[in-house]
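One structure below.
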Amino acid sequence: MKENISGLGTRAVREAFGHFPSGVAAIAAVLDGMPQVIVASSFSVGVSLAPPLAAFFVQKSSSTWGLLSRASRLGVSILSAEHAAICRQLAGPDKDSRFSDIDVELTEEGAVHIQGASVWFDCSVFQVHPAGDHDAVQLLIHDVQIEREVSPLIFHRSRFTQLVA
1 MKENISGLGT RAVREAFGHF PSGVAAIAAV LDGMPQVIVA SSFSVGVSLA PPLAAFFVQK
61 SSSTWGLLSR ASRLGVSILS AEHAAICRQL AGPDKDSRFS DIDVELTEEG AVHIQGASVW
121 FDCSVFQVHP AGDHDAVQLL IHDVQIEREV SPLIFHRSRF TQLVA
């Protein structure tokens with residue numbers, strides 16, 4: 001059923017954006033001895049192949065991004081279909097328990113990768129551009145690991161789902 005939502009308020013725009021299915025990325029690093037993470041459905045690949053760039057968008061008001069933006073390396077884990085439950089935990093308000101009982105791998109540079117992810121990217125911040133109430137963050141990709149048999153988690157209409165072959 002087609003529904004025309006009158007007006008262009010934040011609620012209508014958010015709902016319309018939710019109709020676009022996307023993968024889910026956990027962007028994480030260790031800072032001051034503590035792992036920090038942002039979960040983003042705005043992660044985008046293929047920004048550039050030379051140099052290899054990806055991007056995501058983050059709210060300017062994010063206190064976690066204020067920390068992560070200082071990291072020399074960021075781990076980007078494309079969450080798998082098996083990660084639906086931990087995704088909400090990683091994105092939850094209790095920053096001290098976000099990584100409780102979650103298996104991770106740490107790189108020497110401080111990037112955090114979630115075990116079982118379909119893809120891992122090891123990145124650094126390349127450029128940041130203002131984009132309304134968000135920042136557009138371009139990431140330079142230094143390394144990648146692909147788990148070809150692992151299906152990604154999909155976020156669509158405020159729910160998690162998975163690809164059906």
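The sequence shown finishes on residue 165 if you use the UniProt record's numbering, and the numbering steps up by one all the way, no holes.
Ideal placement from N, C-alpha and C gives every residue a C-beta, glycine not left out.
Sequence-distant residues of the same chain with beta carbon closer than 8 angstroms to residue i, five excluded per side
i      : result
Ala117 : Ala26, Ser77, Ile78, Leu79, Ser80, His83, Glu147, Val150
Cys123 : Ala54, Arg73, Leu74, Gly75, Val76, Ala111, Leu139, Leu140, Ile141, His142
Met34  : none
Thr64  : Gln36, Val37, Ile38, Lys95
Ala131 : Phe57
Per-residue DSSP class, three states only, for residue i
i      : result
Ser124 : strand
Val58  : strand
Ile102 : coil
Gly66  : helix
Arg42  : The question names Arg, yet the displayed sequence has Ser at residue 42. In this structure, Ser42 counts as coil in the three-state DSSP scheme.
His83  : helix
Asp96  : helix
Leu90  : helix
For residue j and residue i, believed in contact at Cβ under 8 angstroms, the rounded distance
i     : j      : result
Leu53 : Phe126 : 6 angstroms
Ala71 : Ala29  : 4 angstroms
Residues bridged to residue i (per DSSP)
i      : result
Ala28  : Val37, Gly75
Thr161 : Ile154
Gln145 : Trp120
Val137 : Phe56, Val128
His113 : Glu105
Gly23  : Ile154
Leu49  : Pro52
Same chain, Cβ closer than 7 angstroms to residue i, five either side skipped, listed in chain order
i      : result
His134 : Phe57, Val58, Gln59, Lys60
Ser69  : Val125
Contacts around residue i, its chain only, beta-carbon distance under 6 angstroms, and the 5 residues preceding and following it disregarded
i      : result
His129 : Ala136
His113 : Gly75, Ser77, Glu105, Trp120
Ser41  : Ser22, Val24, Phe155
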